[in-house]
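A.B. asks: Once you've had a glance at the structure underneath, I'll fire off some questions.
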Amino acid sequence: NLSGAIASSLVIVRTLPLVNNEYVNLYFNTPVSYRYIKKYDNGTAQPNLAATDLERFLVPLASLSEQKRIIAKINELMSLCDQLEQQSLTSLDVHQQLVETLLATLTASQNAEELAENWARISQHFDTLFTTEASIDALKQTILQLAVMGKLVPQDPNDEPASELLKRIEQEKAQLVKEGKIKKQKPLPPISEEEKPFELPVGWEWCRFEDIVDIQSGITKGRKLQGRKLVTVPYLSVANVQRGYIDLSVVKTTEIPLEEMEKYKVYNSDLLITEGGDWDKVGRTAIWIENDMSYMAHQNHVFKARKILPEQDVVWLSNFLNGPFAREYFSGSSKQTTNLASINKTQLRGCLIAVPPKEEKERIVAKFNDLLLISDTLKSRLQSAQQTQLHLADALTDAALN
5 NLSGAIASSL
15 VIVRTLPLVN
25 NEYVNLYFNT
35 PVSYRYIKKY
45 DNGTAQPNLA
55 ATDLERFLVP
65 LASLSEQKRI
75 IAKINELMSL
85 CDQLEQQSLT
95 SLDVHQQLVE
105 TLLATLTASQ
115 NAEELAENWA
125 RISQHFDTLF
135 TTEASIDALK
145 QTILQLAVMG
155 KLVPQDPNDE
165 PASELLKRIE
175 QEKAQLVKEG
185 KIKKQKPLPP
195 ISEEEKPFEL
205 PVGWEWCRFE
215 DIVDIQSGIT
225 KGRKLQGRKL
235 VTVPYLSVAN
245 VQRGYIDLSV
255 VKTTEIPLEE
265 MEKYKVYNSD
275 LLITEGGDWD
285 KVGRTAIWIE
295 NDMSYMAHQN
305 HVFKARKILP
315 EQDVVWLSNF
325 LNGPFAREYF
335 SGSSKQTTNL
345 ASINKTQLRG
355 CLIAVPPKEE
365 KERIVAKFND
375 LLLISDTLKS
385 RLQSAQQTQL
395 HLADALTDAA
405 LN
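Numbering (the numbering used here), first residue to last: 5 to 406.
The structure is reproduced here in structure tokens:
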């Protein structure tokens, strides 16, 4: 047997011969007991219960034999609750597997007719399939995958092919290099057939990310800056760059030389891409939208990518980088350690991007946004319904206890 003492913050309760200590323990874990304890809340940040307060506790006491029957019934019902919980979890797993299997038929569709047939099968059971947050998230990912594969809207042979846009970008980029506005990078290897994750529709083109943007690294903290005129600036870190949006709830500042302000400044429509962290952070992308902040920089763990031509759509690029194919590329290319991963600038430059015709891209983005709004509405309604069910369950429990 072990022996010892207790801390001053603990109280020993020993039951009398005709009182079952398990019965008393169960009572202390009931909502009735919690409400009684709250009467002695001292209003401080760390409320406490004095031993003298505990002595005044009212405990509903039955005969010893009934106490034992109550304990047995509680244990029986708790066991049933555990079984129901396990069955519910199993049911949710099966449900999610069914959802993902059916959604996979959409992305595997070979043509518009097959896609329509597969969607008709899903739409017949829409109300029973998309009833959890996980299933709705899977639907959103499938919509994104269909979008970047060119399966969300039909192609139009009258659209200008993407190759024309790529030619204009190449010409403009060469001019910017000539003028010294951007640096010429070491050429990347040509795109091989093995690299292409899927077959593109007519009029689309594969390119590397480096081909259509100018990529810059950010501020390296901890440099020796003695003797230089410094300014304090806000900057974006990995925590600020979420998948698809910028979180400005906490923005840190740092000092940089005055002459580097332009170099590290983030402009409207710049893409911010995270270097790494845990698995979900690698290649996470968001678009900087100008706000009331007159200046914003970015640190070296967040890459900045700026489009070359005004006609380029950064929403498409953001969606693609946040989509399944780019995420798989980042996962395979990243330097990996225990629970951490990261990509370097060269790997980001080499990421493949599927470029659609400009007119089709506009139709895809519009359709994608419409479907995304529907998915978000579904999730909002689900969360509201769950909250209502929770309030109802609490009300019924209170009514039964009172």
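Cβ atoms here follow ideal geometry from the backbone N, Cα and C, with glycine treated the same way.
Counting C-beta neighbours from all protein chains within 10 Å, is the total for Asn29 16 or more, i.e. buried, or is it exposed?
C.D. replies: Indexing the sequence shown from 1 puts residue 29 at position 25. That one is exposed.
A.B. asks: Indicate whether at least one CB of chain B lies closer than 7 Å to the CB of Leu110.
C.D. replies: Given the protein chain composition of this structure (a single chain), no chain B is represented.
A.B. asks: In the DSSP assignment, what are the bridge partners of Cys85?
C.D. replies: In the sequence shown, the residue the question calls residue 85 occupies position 81. Per DSSP, none; premise fails for Cys85.
A.B. asks: What did DSSP end up calling Leu204 once you bin it into helix, strand or coil?
C.D. replies: What you label residue 204 is simply residue 200 of the sequence shown in a count that begins at 1. Looking at Leu204 - three-state DSSP - the assignment turns out to be coil, as it is neither helix nor strand.
A.B. asks: Could you have a look at Ser113 and say whether DSSP puts it in helix, strand or coil?
C.D. replies: Here residue 113 corresponds to residue number 109 of the sequence shown, with the count starting at 1. Three-state DSSP puts Ser113 in coil, outside helix and strand.
A.B. asks: Looking at C-beta atoms only, is the number of pairs between the stretch 219-238 and the stretch 294-306 that lie closer than 8 Å three or more?
C.D. replies: In short, these stretches touch, since the Cβ pair count reaches three.
A.B. asks: Nearest-angstrom Cα distance between Asp86 and Thr94?
C.D. replies: For the purposes of this step, residue 86 is taken as residue 82 along the sequence shown, with counting starting at 1. For the purposes of this step, residue 94 is taken as residue 90 along the sequence shown, with counting starting at 1. Answer to the nearest angstrom: the Cα atoms are 12 Å apart.
A.B. asks: Assign Trp123 to one of three DSSP states: helix, strand, or coil.
C.D. replies: Against the sequence shown, residue 123 aligns to sequence position 119. The answer is helix: DSSP assigns Trp123 an H, G or I state.
A.B. asks: Report all residues from its chain with a CB closer than 7 Å to the CB of Val152; omit the five preceding and five following residues, and keep chain order.
C.D. replies: Taking the sequence shown and counting its residues from 1, the one referred to as residue 152 is at position 148. Hits under 7 Å: Asn323, Phe324, Gly327, Phe329, Ala358.
A.B. asks: Less than 7 Å between C-beta atoms, sequence neighbours within five positions excluded: which residues of the same chain meet that for Ile16?
C.D. replies: Taking the first residue of the sequence shown as position 1, residue 16 is located at position 12. Counting only Cβ-Cβ distances below 7 Å, and skipping sequence neighbours, we find Ile10.
A.B. asks: My output table needs one value for Leu285: the three-state DSSP class, helix, strand or coil.
C.D. replies: Here residue 285 refers to the residue found at position 281 when the sequence shown is read from its first residue. Residue identity check: residue 285 is Lys in the sequence provided, not Leu. Of the three classes helix, strand and coil, the one that applies to Lys285 here is helix, per DSSP.
A.B. asks: According to DSSP, Gly280 sits in a beta bridge with which residue or residues?
C.D. replies: Mapped onto the sequence shown, residue 280 falls at position 276. In DSSP, Gly280 forms a bridge with Ser346.
A.B. asks: Just to confirm the assignment, what range does the beta strand (DSSP E) spanning Tyr239 have?
C.D. replies: Looking up residue 239 in the sequence shown gives position 235. Counting along the chain, the beta strand (DSSP E) containing Tyr239 begins and ends at 234-240.
A.B. asks: On the CB-based measure, 16 or more other CB atoms within 10 Å of its CB, does Ala76 come out buried or exposed?
C.D. replies: Numbered from 1 along the sequence shown, position 72 holds the residue referred to as residue 76. So Ala76 counts as exposed.
A.B. asks: How long is the line joining the alpha carbons of Gln71 and Tyr38, rounded to whole angstroms?
C.D. replies: As a position in the sequence shown, residue 71 is number 67, starting the count at 1. As a position in the sequence shown, residue 38 is number 34, starting the count at 1. Cα to Cα, Gln71 sits roughly 20 Å from Tyr38.
A.B. asks: Could you compute how far the alpha carbon of Trp208 sits from the alpha carbon of Glu164?
C.D. replies: Against the sequence shown, residue 208 aligns to sequence position 204. Against the sequence shown, residue 164 aligns to sequence position 160. Those two C-alpha atoms are separated by around 10 Å.
A.B. asks: Looking only at C-alpha atoms, which of Leu313, Arg60, Tyr333, Glu26 sits nearest to Lys200?
C.D. replies: Taking the first residue of the sequence shown as 1, we reach residue 200 at position 196. Comparing Cα-Cα distances from Lys200 to each of Leu313, Arg60, Tyr333, Glu26, the minimum goes to Tyr333.
A.B. asks: Roughly how many angstroms separate the alpha carbons of Ser12 and Gln391, rounded to a whole number?
C.D. replies: By 1-based counting over the sequence shown, the position of residue 12 is 8. By 1-based counting over the sequence shown, the position of residue 391 is 387. Each residue's alpha carbon lies about 40 Å from the other.
A.B. asks: Of the choices Gly280, Asn33, Ala290, whose alpha-carbon is the least far from that of Ile78?
C.D. replies: Along the sequence shown, one-based indexing puts residue 78 at 74. When each option's Cα is compared against that of Ile78, the closest is Asn33.
A.B. asks: Can you say whether Ile173 is buried or exposed, counting buried as having 16 or more other CB atoms within 10 angstroms of its CB?
C.D. replies: Counted from its first residue, the sequence shown places residue 173 at position 169. It counts as buried.
A.B. asks: Under a three-way DSSP split, which group does Trp320 fall into?
C.D. replies: The residue given as residue 320 occupies position 316 in the sequence shown. Trp320 falls in the helix class under three-state DSSP.
A.B. asks: Using three-state DSSP, classify Glu259 as helix, strand or coil.
C.D. replies: If you number the sequence shown from 1, residue 259 lands on position 255. Of the three classes helix, strand and coil, the one that applies to Glu259 here is strand, per DSSP.
A.B. asks: Using a Cβ-Cβ cut-off of 7 Å (strictly less than) and excluding sequence neighbours within five positions of Lys365, which residues of its own chain qualify?
C.D. replies: As a first step, residue 365 must be located in the sequence shown, where it is residue number 361. Same-chain partners within the cutoff: Asp317, Trp320.
A.B. asks: For Ile10, name the three-state secondary structure that DSSP assigns.
C.D. replies: Here residue 10 corresponds to residue number 6 of the sequence shown, with the count starting at 1. Looking at Ile10 - three-state DSSP - the assignment turns out to be coil, as it is neither helix nor strand.
A.B. asks: Below 8 Å on the Cβ atoms is my contact criterion, and I expect Ala309 with Leu356 to pass it. Report the Cβ-Cβ distance as a whole number of Å.
C.D. replies: Here the question's residue 309 lines up with position 305 in the sequence shown. Here the question's residue 356 lines up with position 352 in the sequence shown. Not really, about 15 Å apart at Cβ, beyond 8 Å.
A.B. asks: With DSSP collapsed to three states, give me the class of Tyr27.
C.D. replies: Along the sequence shown, read from residue 1 onward, the residue named residue 27 stands at position 23. Residue state, collapsed to three classes: helix.
A.B. asks: Since Ala301 sits in a beta bridge, which residues does DSSP pair it with?
C.D. replies: Numbered from its first residue, the sequence shown carries residue 301 at position 297. Answer by DSSP bridge pairing, in chain order: Tyr239.
A.B. asks: Counting pairs of beta carbons, one from the stretch 135-147 and one from the stretch 96-109, are three or more of them closer than 8 Å?
C.D. replies: Yes: at least three Cβ pairs fall under 8 Å.
A.B. asks: Do Ile368 and Val157 have their CB atoms nearer than 7 Å?
C.D. replies: Start at 1 with the first residue of the sequence shown, and residue 368 comes out as number 364. Start at 1 with the first residue of the sequence shown, and residue 157 comes out as number 153. It is a contact, given that the beta carbons lie within the stated cut-off.
A.B. asks: Do you know how far the Cα of Thr56 is from the Cα of Leu68?
C.D. replies: Reading the sequence shown from its first residue, position 64 is the one you call residue 68. Reading the sequence shown from its first residue, position 52 is the one you call residue 56. Leu68 and Thr56: Cα-Cα distance of roughly 26 Å.
A.B. asks: Give the secondary structure of Asp218 by DSSP, where H, G and I count as helix, E and B as strand, and everything else as coil.
C.D. replies: On the sequence shown, position 214 is the one that residue 218 refers to. Three-state DSSP puts Asp218 in a strand.
A.B. asks: Does DSSP put Gln71 in a helix, a strand or coil?
C.D. replies: On the sequence shown, residue 71 is found 67 positions in, with the first residue counted as 1. If DSSP states are grouped into helix, strand and coil, Gln71 belongs with the helices.
A.B. asks: How far does the beta strand (DSSP E) with Glu332 in it reach, from first residue to last?
C.D. replies: For this step, residue 332 is matched to residue 328 along the sequence shown. Where Glu332 is concerned, there is no enclosing beta strand (DSSP E), although the alpha helix (DSSP H) it sits in stretches over 328-337.
A.B. asks: Can you list, in chain order, the residues of its chain whose CB lies under 7 Å from that of Lys383, leaving out five sequence neighbours each side?
C.D. replies: Residue 383 sits at position 379 when you count from the first residue of the sequence shown. So the list reads Glu137, Ile140, once near-sequence residues are dropped.
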